[in-house]
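**Student:** Residue numbers for the sequence shown follow this note's numbering, so the first one is 1135 and each next one is one higher.
Even glycine gets a Cβ: it sits at the ideal position worked out from N, Cα and C.
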Amino acid sequence: TIPLSEELRFLEENAALFEDADDIFESPTQSVDKKLLQEPLERFFGYSDFRGEQVPVIQSILEGRDAAVFWATGSGKSLCYQIPALYSNRTAIVVSPLISLMQDQCNKLNGLCKDKQLATYLGSLQTDATIEPRVFQGDFLLVYLTPEKLTSLGFLEKLAELHKTKGISLFAIDEAHCVSEWGHEFRPSFRRLNTIRENTDLSKIPILTLTATAVPRVQKDIVQQLSLRSPFISISSLDRDNLQIKISIRQGMEETFSNLYEAFQNRPLNNSTIVYCATQGTVEKVANFLNQRMEKVNVAPYHAGLSPAERKRAHIGFVVGEIDVIVATVAFGMGIDKPDTRRVIHYGAPKTMEEYYQQIGR
């Protein structure tokens, strides 16, 4: 027999602990000790300690309490739903508006445990027909999906069966500002997520909302629209002191992108750049111009008018470093996980300050 990895052994041991316990997620209990939470943090992610208010948020979820997190980009929001799932060995349902982000998260999580596939996603790009039945068998600890999928006919009823047999640790709503009509990226499908609370078999499962871009009235709207019950609310400073912001009057493309040419000539490595444009047509014009002007730099467009395969190719190419500059509309605005992005250029102003803040935080 093949010896179990330490990660899989941890999951199986914790599963045994929770089998005989009262339903921790439906009956609030004493806070889980931080030292116990550090086990999965170190074992799976290699971190020695938590940051900011990650611990009280995670403890609230494990106590069965809703939580709303409003933290800056890059502050570790995803651990707030990943750790409860790994600690309890119960599935977390993660709602995200972007399939590309789901794919990123799943790839990273599945690289953490060699013996078990920890995460999967359900959506239009999921071509494996065996994945969805396995979700309802409890084979995955983190299941990423779109709000449209979660609220589709009969899906919540299937999740209710999963909760009865295996247990669901939480519902996480990422990019939760999409819930609010006051938000800069309102999506009606997010409003329908309150049906989670209308399903009596799922109504006691804690809901965690997360976003980096929500002004006070949007924060209040998120709590109300998703029927959060006395949530633990955590708000951090949105100040990003590692960012330098420069403003210039837009001229011709040659003048506008002259600094970009110089940057690639002087520092050919680590120059990952995003150029945001207002329209698909402008994206194509700018991408073509840069491809012609910078022969040794790989430039790709990204917008909703491209096919899913083209968008996926551009996204993956940028994340792995094969593409140096990606020219995009707001379709590339949320959840881009590339810590070494060095430069974000707006070829024209975005619609709102919230949109601008989110994009420069890539």
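Since L1344 is in the alpha helix (DSSP H), which residue starts that stretch and which ends it?
**Tutor:** Taken as a continuous stretch (DSSP letters only), L1344 belongs to no alpha helix (DSSP H), being part of the beta strand (DSSP E) at I1341 to T1345.
**Student:** Quickly, what does DSSP pair D1308 with across the bridge? List them, please.
**Tutor:** L1344
**Student:** Which residue comes first and which comes last in the beta strand (DSSP E) that contains F1204?
**Tutor:** Looking at the DSSP string, the run of the beta strand (DSSP E) that includes F1204 is A1201 to F1204.
**Student:** Where does S1194 land, buried or exposed, given buried means 16+ other C-beta within 10 angstroms?
**Tutor:** buried
**Student:** Count the other C-beta atoms from every protein chain shown that fall within 10 angstroms of the C-beta of M1487, then say buried if there are 16 or more, exposed otherwise.
**Tutor:** exposed
**Student:** Going by DSSP, what residue range makes up the beta strand (DSSP E) through L1279?
**Tutor:** Here the beta strand (DSSP E) through L1279 covers L1276 to L1279.
**Student:** Strictly by DSSP, which residues pair up with S1368?
**Tutor:** V1203
**Student:** Using DSSP with H/G/I as helix, E/B as strand and the rest coil, what is R1268?
**Tutor:** helix
**Student:** Can you confirm whether the segment 1265-1281 touches the segment 1247-1257 when touching is taken to mean that 3 or more C-beta pairs between the two stretches lie within less than 8 angstroms?
**Tutor:** yes
**Student:** When burial is assigned at 16 or more other CB atoms within 10 Å of the CB, is G1288 buried or exposed?
**Tutor:** The C-beta of G1288 has fewer than 16 other C-beta atoms within 10 Å across all chains shown, which makes the residue exposed.
**Student:** Going by alpha carbons, who is nearest to R1363 out of L1394, R1374, I1330 and I1381?
**Tutor:** I1330
**Student:** Which same chain residues, not among the five before or five after E1295, have their C-beta less than 8 angstroms away from its C-beta?
**Tutor:** F1270
**Student:** Exposed or buried, what is D1154 when buried is set at 16 or more other beta-carbons lying within 10 Å of its beta-carbon?
**Tutor:** Caution is warranted here: a pLDDT of 43 is assigned to D1154, below 50, making its placement in the model unreliable, and the coordinate value is therefore given only provisionally. Exposed is the call here.
**Student:** Determine whether the beta carbon atoms of L1544 and A1219 lie at a separation below 8 angstroms.
**Tutor:** The question about residue 1544 has no answer here: the residues shown for the chain are numbered 1135 through 1496.
**Student:** In whole angstroms, what separates the C-alpha of M1428 from that of R1477?
**Tutor:** 16 angstroms
**Student:** Is it buried or exposed, Q1426, if we count other Cβ atoms within 10 angstroms and call 16 or more buried?
**Tutor:** exposed
**Student:** Would you say V1313 and Q1359 are within 8 angstroms of each other, going by their C-beta atoms?
**Tutor:** Yes, the pair counts as a contact, with Cβ atoms nearer than the cut-off.
**Student:** Assign V1166 to buried or exposed, taking buried as 16 or more other Cβ atoms, counted over all protein chains shown, within 10 Å of its Cβ.
**Tutor:** It counts as buried.
**Student:** Using the three-state DSSP reduction, which class does T1475 fall into: helix, strand or coil?
**Tutor:** coil
**Student:** According to DSSP, I1302 sits in a beta bridge with which residue or residues?
**Tutor:** T1225
**Student:** For Q1399, is the classification buried or exposed, using 16 other Cβ atoms within 10 angstroms of its Cβ as the cut-off for buried?
**Tutor:** exposed
**Student:** Per DSSP, what kind of secondary structure is L1243 in: helix, strand or coil?
**Tutor:** helix
**Student:** When the Cα of A1394 is compared with those of I1227, G1439, V1461 and W1205, which residue comes out closest?
**Tutor:** According to the sequence as given, residue 1394 is Leu; it is not Ala. The residue with the shortest Cα to Cα distance from L1394 is V1461.
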